[in-house]
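**Q** In my numbering, the protein residues as written are 1 to 413. We put the beta carbon where it would ideally sit given N, CA and C, even for glycine. Quick caveat: nothing in here was measured; it's all calculated off a predicted structure.
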């Protein structure tokens, strides 16, 4: 628990001290139990009670608990693939803590990504579905869930939209003061933070839902994978793997089955010493998810579709449409990064100079970072600082979500 000084009056009672409460739980979205994280500033007086309540009971679709401070801005986080939000809890907690009261964060895993059969799917759901998510007994067994949700990009985008709708609905039920209130006034500002392919999902959902875009004050993309154009050798290898997905997926799931016979501590040692994962929590999550063949299948089927279907060039039309409404900050890393290499940033800057994408897209390159920064504790701080600097430039005074802005967004989309 972290204590910070505060005098904000948005809380139910004015106190001089608040605490950060971070909780991890599950909610059902599009029929799939999904891991979520909620991070709030909470009145210190109620912090212990609130923390115990969150850990002892399932978090429903409300935006926050009663004793937490009402923020003016929600940070909405969409991770990369594998889409397990627990990797990012500590990172998001640092961002919310250092922004201070007025900010809270919500993060969501991908459908089908996590630990346990209820999350990743059962034998029937996997064995009776082709890699496009189509079932041989479509509609005959209502107990089998729709595998297009975890296995396709479109399904994952639907999943994230449904998550945001649930957040908005919960927020309005909690804070709508009376029946005459304008619902848009009772919805907080949104700042999206995405990692890797999460950037593509955020971009798509904002274009599909102008009402969500109208409430968006800023977007932060961390190492965005929204185009597939890696260096030539990587492109050759990954493109062929994606084309042969019907062979690659079963081969990799068989290898996972074989690896599961080794003692867990051996694999943990390998990840730490040879792969370079020096975060114990990150290694534990990696072991939990990647020693499960069904989770590996979900990860690969989605990931190989990403490679096949993402465009090679930046989507300048999408960048212009979103840029007309709100600004964007993009962080690139070194190493080199095959998903968001440095030349992608140079291409965007060239498009800016030619006035083909907005000038309110701000970019930064940090050589020392890796794409998987979140499992390297020493790399968290520069990413946190990047997010803080991007958000503080925006501030809380931006007039988002009102009727006129929504009409403006709809006219442009």
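In angstroms with no decimal places, state the Cα-to-Cα distance between residue 34 and residue 354.
**A** Between residue 34 and residue 354, the C-alpha separation is close to 42 angstroms.
**Q** For my contact list, residue 118 and residue 277 are in at a C-beta cut-off of 8 angstroms; report their separation, rounded to the angstrom.
**A** No, residue 118 and residue 277 are not in contact; Cβ-Cβ is about 27 angstroms, not under 8 angstroms.
**Q** By how many angstroms is the C-alpha of residue 388 removed from the C-alpha of residue 98?
**A** Computed Cα separation, rounded: 8 angstroms.
**Q** Take every Cβ of the region 205-225, pair it with every Cβ of the region 337-345, and state whether three or more of those distances are shorter than 8 angstroms.
**A** Flag = yes, the region 205-225 and the region 337-345 touch.
**Q** In the DSSP assignment, what are the bridge partners of residue 365?
**A** Residue 365 pairs with 332.
**Q** Name the one or two DSSP bridge partners that residue 33 has.
**A** Bridge partners of residue 33: 28.
**Q** From residue 348 to residue 83, what distance separates their C-alpha atoms?
**A** Looking at the two C-alpha atoms, the distance is approximately 26 angstroms.
**Q** Are there three or more Cβ pairs, one per stretch, closer than 8 angstroms when the region 88-98 is compared with the region 209-219?
**A** At 8 angstroms Cβ cutoff, the stretches do not touch.
**Q** Here's a check: name, in chain order, each residue in its chain whose Cβ is nearer than 7 angstroms to the Cβ of residue 290, leaving out the five neighbours to either side.
**A** Same-chain partners within the cutoff: 256 and 296.
**Q** Hey, how far is the Cα of residue 361 from the Cα of residue 320?
**A** Those two C-alpha atoms are separated by around 10 angstroms.
**Q** Which value, in whole angstroms, describes the spacing of the CA atoms of residue 393 and residue 372?
**A** Computed Cα separation, rounded: 26 angstroms.
**Q** Short check: CB of residue 111 to CB of residue 168, under 9 angstroms?
**A** Not in contact: residue 111 and residue 168 (Cβ atoms no closer than 9 angstroms).
**Q** Less than 9 angstroms separating the beta-carbons of residue 158 and residue 30?
**A** A contact, by the Cβ cut-off of 9 angstroms.
**Q** Cβ of residue 253 within 9 angstroms of Cβ of residue 326?
**A** No.
**Q** Thinking just about the alpha-carbon of each residue, which of 312, 240, 129 and 87 is nearest to the one in residue 282?
**A** It is 87.
**Q** Using only CA atoms, which one of 76, 40 and 304 lies nearest to residue 242?
**A** Checked all of 76, 40 and 304; the closest Cα to residue 242 is 304.
**Q** Does DSSP put residue 62 in a helix, in a strand, or in coil?
**A** For residue 62, the predicted model reports a pLDDT of 45, less than 50, meaning its position is unreliable and no value from the coordinates is stated.
**Q** So the beta strand (DSSP E) residue 194 belongs to, where does it begin and stop?
**A** Taken as a continuous stretch (DSSP letters only), the beta strand (DSSP E) holding residue 194 covers 189-195.
**Q** What number of angstroms, rounded off, separates the C-alpha of residue 229 from the C-alpha of residue 235?
**A** Approximately 7 angstroms, taken between the alpha carbons.
**Q** Mind checking which residues open and close the alpha helix (DSSP H) that includes residue 225?
**A** First-last for residue 225: undefined, no H or E at that position.
**Q** Let me check one thing: in DSSP terms, what residues is residue 351 bridge-paired to?
**A** None, per the DSSP bridge assignment.
**Q** Below 8 angstroms CB to CB, which residues in the same chain sit around residue 315 once its five sequence neighbours on both sides are set aside?
**A** Excluding sequence neighbours, residue 315 sits near 203, 226 and 227.
**Q** Starting from residue 73, trace the alpha helix (DSSP H) in both directions and tell me its first and last residue.
**A** It is not in any alpha helix (DSSP H) - residue 73 instead sits in the beta strand (DSSP E) that spans 73-78.
**Q** How is residue 315 classed by DSSP in three states: helix, strand or coil?
**A** Of the three classes helix, strand and coil, the one that applies to residue 315 here is coil, per DSSP.
**Q** Measure how close the beta-carbons of residue 333 and residue 370 come, nearest whole angstrom, since I'm counting them as under 8 angstroms.
**A** Residue 333 to residue 370, Cβ: 6 angstroms. Contact.
**Q** Which residue wins for smallest C-alpha separation from residue 79, given the options 129, 299 and 189?
**A** Among 129, 299 and 189, the Cα nearest to that of residue 79 is on 299.
**Q** For residue 40, collect the residues of the same chain with a Cβ closer than 6 angstroms to its Cβ; drop the 5 residues on either side in sequence, then sort them by chain order.
**A** Cβ neighbours of residue 40 beyond the five flanking positions: 21, 64, 68 and 104.
**Q** Examine chain C for any beta-carbon lying closer than 9 angstroms to the beta-carbon of residue 283, and answer yes or no.
**A** Any reference to chain C falls outside this structure, which holds one protein chain only.
**Q** Near residue 191, which residues of its chain fall below 8 angstroms by C-beta distance, leaving aside the five closest residues on each side in sequence?
**A** The answer, listed in chain order, is 73, 74, 75, 76, 216, 217, 218, 219, 220, 391 and 394.
**Q** What distance in whole Å lies between the Cβ atoms of residue 26 and residue 36, which are believed to be in contact at a cut-off of 8 angstroms?
**A** The pair is a contact, with the Cβ atoms about 7 angstroms apart (cut-off 8 angstroms).
**Q** Using C-beta distances below 8 angstroms, list every residue in its chain close to residue 151, excluding the 5 sequence neighbours before and after it, in chain order.
**A** Excluding residues within five positions, the ones whose Cβ falls inside 8 angstroms are 112, 129, 131, 132, 133, 298, 301, 302 and 305.
**Q** Is the beta carbon of residue 331 closer than 9 angstroms to that of residue 379?
**A** No. Outside cutoff.
**Q** Does the beta-carbon of residue 141 have 16 or more other beta-carbons within 10 angstroms, so that it is buried, or is it exposed?
**A** Per the 10 Å Cβ criterion, exposed.
**Q** Taking only the alpha-carbon atoms, compute the straight-line gap between residue 427 and residue 294 and give it to the nearest angstrom.
**A** No statement about residue 427 is possible, as the shown extent of the chain runs from 1 to 413 and does not include it.
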